[in-house]
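In our numbering, the protein residues as written are 185 to 287.
Backbone N, C-alpha and C define an ideal beta-carbon position, used for all residues, glycine too.
Here's what the structure looks like:
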């Protein structure tokens, strides 16, 4: 345990220098997901699919005006989950923007 702690502290100290604004490189991890993602390009096991039930995914997909009901029925489960998460993201962004504009 002490060796792990030493490694963590050592890496933290190595990362400190005057030109660095933040402790972690969080800006590098900000990569937007495309509007029409392909499940083949994603590791589906890393996505938080356990957050959503099939009913919830279908509800978010039905709110997405770019996807027809017949297209939703043709999708496999991974595509539904990925597009459902994207629809949830868009829904949350619209809500956040509406809250921001109201103040």
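Item to complete: Ignore the nearest five residues each way along the sequence and tell me which others in residue 223's own chain have a CB closer than 7 Å to its CB.
Response: So the qualifying residues of the chain are 262, 263, 266.
Item to complete: Give me the Cα-Cα distance between residue 268 and residue 189, rounded to the nearest whole angstrom.
Response: The alpha-carbon atoms of residue 268 and residue 189 are separated by roughly 39 Å.
Discussion item. Measuring only the C-alpha atoms, how far is residue 239 from residue 218?
Written reply: When only Cα atoms are considered, residue 239 and residue 218 end up about 24 Å apart.
Worksheet item: On the three-state DSSP scale, how would you describe residue 226?
Response: It is coil, neither helix nor strand.
Practice prompt. Under 8 Å by Cβ, that's how I've got residue 275 and residue 247 pegged, so tell me the actual separation to the nearest angstrom.
Written response: Between residue 247 and residue 275 the Cβ distance is about 7 Å, and since that is below 8 Å, they are a contact.
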